[in-house]
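Enquirer: Before I ask anything, here is the structure I am working with.
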Amino acid sequence: MGQYMRSFNRRSAPVAVLSTLALVSLAACGGAKDDTAALSSDTALGRDLALAQRDSVQPQLQDVPAPVPAAPAPAATTPRPTTPRPTTPRPTPTRPNPSTPAPTTPAPTPAPAAPAEPVSGTVAAGTALRFVANNKVCSNTVAVGDKFTAALTEPVSASNGVSIPEGATATFEVTEAKTAKNSNDQTYLRVRVVSVQYGGRTYPIEASVQTATTERVRSASKGTDAKKVAGGAILGAIAGQVLGKNTKGTVIGAAAGAAAGTAAAAATADFDTCINSGGAISATLDAPVTVRPAPAP
């Protein structure tokens, strides 16, 4: 708006000058002297005229507004350098490649554990034990303290399912042996069971002999071999006997059915009691015994 007003004043100044000059000419026609004096004294008007002459331009009778100068282009600004913030790339999920699982061999099924064997078992007192002698024993061939063996003919049950197996070896000890001096005298063997052995273990036991198969034989005379009192027909009737529990397992040899002549001949002979190899022996356990299971065959 200010620029438009300045342009308008510049165009209006010549018009004012022309008007003033016309008035001056008219006044000159009336009286030149008065106008000259008036103009000289009017310093303000003189300044205006001077300014009008200095500022006058050829009028351009174009009734259009002066062009508005274009706004100056904004000064180029240098952008402030910015430090880019480091960015962490987002992890890209990866799909695992399908792989063929390695063939697995199933573990073999373990065999069921064998049931634990019982630690031990007890054979009760009064249990019967049956044996057969492993060798021949005679009253005139053994001394007190001598030992002989016999085999168990049947298993002996204990507690906890434990048992003494058949074939276990029993040890017998001779406590007394007597030879008869004549046919009317007695001959005997006193023995006891001291232990039983199996599976590499020996178990001391206390057992009393109840019966035994024995044979009464005549002792050797004048360097000859001993002869049997009875003949083969009556050997089956010759059996050992136990004369009561207070006899401590005394086994008595007996003969029966001998011929009269044989009896007379043997009246002064010595006689012995023998347990033959394979002879049966039975005993009773006097006290309980604790044993372990037999090892597996």
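Residue numbers (mature numbering (1 follows the signal peptide of the UniProt record, and there is no 0)): -27 to -1, 1 to 270. Beta carbons are placed, not taken as given, at the ideal position from N, Cα and C, and that holds for glycine. Keep in mind the model is a prediction, meaning the values are calculated, not measured.
1. With a threshold of 16 other CB atoms inside 10 Å of the CB of R20, please say whether the residue is buried or exposed.
2. Contact between the stretch 153 to 168 and the stretch 125 to 139: three or more CB pairs below 8 Å?
3. State the Cα-Cα distance for the pair P128 and Y171, rounded to the nearest angstrom.
4. For G252, count the other beta carbons within 10 Å of its own beta carbon; 16 or more makes it buried, fewer makes it exposed. Which is it?
5. How should S112 be labelled, buried or exposed, when 16 other C-beta atoms within 10 angstroms of its C-beta is the threshold for buried?
6. Measuring only the C-alpha atoms, how far is P81 from A75?
7. What do you reckon, is the C-beta of A97 under 8 Å from a heavy atom of the ligand GDP?
8. Find the nearest neighbour of S181 within the set P261, V115, V135, judged by alpha-carbon distance.
9. Out of curiosity, what's the CA-to-CA distance linking T126 and G118?
10. Using the three-state DSSP reduction, which class does S192 fall into: helix, strand or coil?
11. One question on the structure: do R165 and E179 come within less than 9 Å of each other, judged by their Cβ atoms?
12. At 3 residues or longer, what runs of the beta strand (DSSP E) sit wholly inside the stretch 126 to 186?
13. Assign T263 to buried or exposed, taking buried as 16 or more other Cβ atoms, counted over all protein chains shown, within 10 Å of its Cβ.
14. Count the other CB atoms, across all protein chains shown, that sit within 10 Å of the CB of A84; report buried if there are 16 or more and exposed otherwise.
15. Let me know if R191 comes out buried or exposed under the rule of 16 or more other beta-carbons within 10 Å of its beta-carbon.
16. Let me make sure I understand the geometry here. Which of V110, R58, T160, T257 has the alpha-carbon closest to that of A242?
17. Give every residue of the same chain whose Cβ lies closer than 7 Å to the Cβ of A101, excluding the five residues on either side of it in the sequence, and list them in chain order.
18. Give me, in chain order, the residues of the same chain whose beta-carbon lies closer than 7 Å to that of N108; leave out the 5 immediate sequence neighbours on both sides.
19. Taking C-alpha atoms, which residue in Y176, R174, V110 lies nearest to A185?
20. Does the distance from the C-beta atom of E146 to that of V167 stay below 9 Å?
21. Which same chain residues end up closer than 7 Å to S130 when comparing Cβ atoms and leaving out the 5 residues on each side of it in sequence?
22. Assign R103 to one of three DSSP states: helix, strand, or coil.
23. Cα-Cα, which of Q183, G173, P64, T144 is closest to P270?
24. Excluding sequence positions up to five away, which residues of its chain have a Cβ less than 7 Å from the Cβ of A123?
25. To the nearest angstrom, how far is the alpha carbon of T152 from that of F244?
Expert: Answer, in terms of the structure:
1. exposed
2. no
3. 12 Å
4. buried
5. buried
6. 18 Å
7. Inclusion of the ligand GDP in the displayed structure is not the case, the ligand content being empty and no account of it being possible.
8. P261
9. 25 Å
10. coil
11. yes
12. 142 to 151, 161 to 171, 174 to 185
13. exposed
14. exposed
15. buried
16. T160
17. S255, T257
18. F121, S250
19. V110
20. yes
21. S136
22. strand
23. G173
24. F104, V105, A106, N107, A143, F145, I254
25. 6 Å
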